[in-house]
Amino acid sequence: MVTKFKFGGATPLIMACRNGHREIVEYLVRQCGADVEETGAVMFDHETVEGAPPLWCASAAGHLDIVRFLVEAGAQVNSKTRTNSTPLRAACFDGHFGVVKYLVEHGADFEVSNRHGHTCLMIACYKGHYKIVKYLLSLKADMNRKSSKGNTALHDCAEAGSIEILKLLLSHGARMDVDSYGMTPLLAAAVVGHQHIVEYLIGLNIVSRKEKIDSLELLGATYVDRKKDMVSAVELWQRAMDLRYKEGEPHISKPHSPHTIDAYEHPREVFDPDSLADIVADPDAIKNQALLIRERILGPAHPDTIYFLRYRGAMYADAGKFSRCISLWNYALDMQQAMLEPLNHMTLSTFYSFSELFEYMLSEKSNPATPTLPEQQRRRDLLLRGSDAKSLLHLSCHSSYTSPLAPHNIAYKSLRPPLIPNLDLTRILLRVGADPNDTDAQGNTALHLLAQNYTQSHLPVIQLLLNAGAHYDTLNAHRSSFITLLQVQLNSSLAHSTSDNNNNNNNNNNNTHICLLRPKQQIFWYDNMEMCFCTRTFNILKIWKPRSERKCRYALLILDRRYYKNRSA
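According to UniProt numbering, the stretch in the sequence shown is residues 1 to 569, in order.
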């Protein structure tokens, strides 16, 4: 009666065999008459195995002495669990060579597969047990046998990264077959990132040039998504590109599709070394290339294609980019519905992910610390830039370039006053958070642009930027500051004015001087980036101050240097 009692689905005999208690096993069998074939549930590696006989439990745990006792007591060496796993396969899984050898010598069939068509040789290859693989090969185990998904032992060791077992199988004549997804062992190694396996196989003459290219490109995609190593990914893609356009051999161009994928934001695969070089500094473009390459090589039916689409979408969701996540997941769902049968477990998993995402979005919306969509849009609008990296603030301060004949055009003079620079627009942009010290591709701030095309109407905008914290001493790519650019512009204007009045003597390019006057402070003047006190009397050409000096940081002072000869500090 005691031997029939089950705790957690396991009989006392199964528990004793699982935990290696030989004396208890002998007592239960000899004294209590326990059935050596009665099955039960047992835990291995946090997984419950249903319908496991005592011999399977002892073999999986590697207890050779108990295995001997059970076989001598009449246990069937080819007994199976509910998933069709034999004691021999259980011993091969964890590398118990002594148990494997004993079971084979006592009639165990090493060609019996589990419910997935996976044999003892396949699992030994996958788990990296070289000694067991060598032993099974010596028994003429079928190394080219395929599982229900079409993979062979060579696929398993390539996927596991076991280079020594791979060499052993190839030396015994293993073939480079394809599985049901069209994957060779070479691609199986590339998809999980085993570069040493890929390098070894492409160095052999058993793979074609196109297979080498595909494996390098797929390995690069794996480096992007699994290993987060974009530098190595680009290097692998460059090697593949070199193979495509190898000198002295026919070029192998990438297949070109006239359609782009909306979920990926319409990128195209790079097709030559130049287009590859264009994306090197763009992480988002590299990530999109990984998705495109994986979908092209593996196809939409492969689980990894769907997995990494969902993975990329989850990353966008974590960053708060829910629309990008939903777009990618919808695309993955369309693939699954087109390739899989209705209500497939993978499709159901995607639907469940959608429900989790919706719940997360609702919780984030209720969180006051999460920026709302209008707030995110406002911030994004402020970050918009043109091809020359000019921000909205740059554009609001950048005078349009005019023709030399424009001043003589009556419409220019009276009917069409320039709209830019615009004081009100600049004030609004600063109020909503625009950075007054932001620079464009040439290192110019908004102050630089105002100085380059300076007119008297620019003074209020300049004052507004200075009060908002704009740095007048910032240097652009040409090592020029706002002050130096403004001085050059004013000198040029003064030279033209002097020429128009037929006063050409003593007309040099340093007749004006720019000062920044702080409220209730002495005048400072800047010459070649030096700062000095001004003690002489100057003829003031232009001075602009705001109505209330208490509300300003600087006033702009423009002096004529033709009327003094000396300076003192």
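Every residue, glycine too, gets a C-beta built ideally from N, C-alpha and C.
The structure presented is a predicted model; accordingly, all values stated were derived computationally and were not measured.
Close-in-space but distant-in-sequence residues of the same chain around Ser-148 (CB under 6 Å, 5 per side omitted): His-116, Gly-117
Terminal residues of the alpha helix (DSSP H) in which Glu-47 lies: Where Glu-47 is concerned, there is no enclosing alpha helix (DSSP H), although the beta strand (DSSP E) it sits in stretches over 47-52.
Classification of Glu-72 by the beta-carbon crowding that lies within 10 angstroms, buried from 16 upward: exposed
If I follow the unbroken beta strand (DSSP E) through Gly-128, where does it start and stop? Careful: Gly-128 lies outside any beta strand (DSSP E) and carries neither H nor E.
Hey, quick one: how far does the beta strand (DSSP E) through Gly-62 stretch, first residue to last? Unbroken run through Gly-62: none, as it is neither H nor E.
Consult DSSP for Phe-44 and reduce its assignment to one of helix, strand or coil. strand
Going along the chain, which residues of its own chain have a beta-carbon closer than 6 Å to the beta-carbon of Ala-189, five neighbours each way excluded? Ala-158, Ile-197, Val-198
Touch check for the stretch 238-245 and the stretch 325-340: three-plus C-beta pairs under 8 Å? no
Straight-line Cα distance separating Leu-216 from Phe-482: 52 Å
Are the CB atoms of Cys-120 and Arg-89 nearer to each other than 8 Å? yes
Thinking Val-42 and Arg-18 are a contact (beta carbons under 8 Å), I'd like their distance in whole angstroms, please. 5 Å
Sort Arg-30, Arg-294, Gly-320, Asp-318 by Cα distance to Leu-309 and report the nearest one. Arg-294
Quick one: give me the first and last residue of the alpha helix (DSSP H) that Ala-317 is part of. 303-318
Quick check on this structure: which residue in Asp-304, Tyr-135, Leu-447, Ala-60 has the alpha carbon closest to the alpha carbon of Asn-437? Leu-447
At the 8 Å Cβ level, is Leu-393 part of the contact set with chain D, yes or no? Of the chains in the structure shown, none is chain D; there is only one protein chain.
Report back the beta-carbon spacing between Leu-450 and Cys-397 to the nearest angstrom; my notes put them in contact at under 8 Å. 5 Å
Check Gln-442 in the structure and name its three-state DSSP category. coil
Looking at the unbroken alpha helix (DSSP H) that takes in Leu-236, where does it start and where does it end? 230-244
Are the stretch 249-262 and the stretch 170-188 touching by the rule of at least three beta carbon pairs closer than 8 Å? no
Sort Asp-278, Trp-237, Ala-468, Ser-180 by Cα distance to Val-432 and report the nearest one. Ala-468
Could you have a look at Glu-111 and say whether DSSP puts it in helix, strand or coil? coil
On a CA-only basis, which of Arg-226, Leu-201, Asn-84, Asp-278 is nearest Gln-238? Give me that one, please. Asp-278
Among Asn-476, Asp-424, Glu-38, which residue has its Cα nearest to the Cα of Gln-452? Asn-476
Straight-line Cα distance separating Pro-342 from Thr-11: 40 Å
Tell me whether Ile-420 sits in a helix, a strand or coil according to DSSP, three-state version. coil
At the level of alpha carbons, what is the spacing between Ala-124 and Ile-132? 7 Å
Nearest neighbour of Glu-269, chosen from Asp-304, Ala-221, Lys-212 [CA to CA]: Ala-221
Report the three-state DSSP secondary structure of Pro-460 (helix, strand or coil). helix
Quick one: is Ala-319 buried, meaning 16 or more other Cβ sit within 10 Å of its Cβ, or exposed? exposed
Beta carbon of Leu-204 nearer than 8 Å to that of Ala-174: no
Contact set for Ser-180: own chain, Cβ-Cβ below 6 Å, skip 5 residues either direction: Lys-149, Gly-150
Kindly list the residues whose CB is nearer than 6 Å to the CB of Val-77, restricted to its own chain and excluding five residues on each side of it in sequence; keep chain order. Leu-103, His-106, Gly-107, Ala-108
Using the Cα positions of Glu-38 and Ile-297, report the straight-line distance between them to the nearest angstrom. 48 Å
Need the endpoints of the alpha helix (DSSP H) that Cys-157 sits in, please. 153-160
Using the rule of at least 16 other Cβ atoms within 10 Å of the residue's Cβ for burial, across every protein chain shown, is Gly-193 buried or exposed? buried
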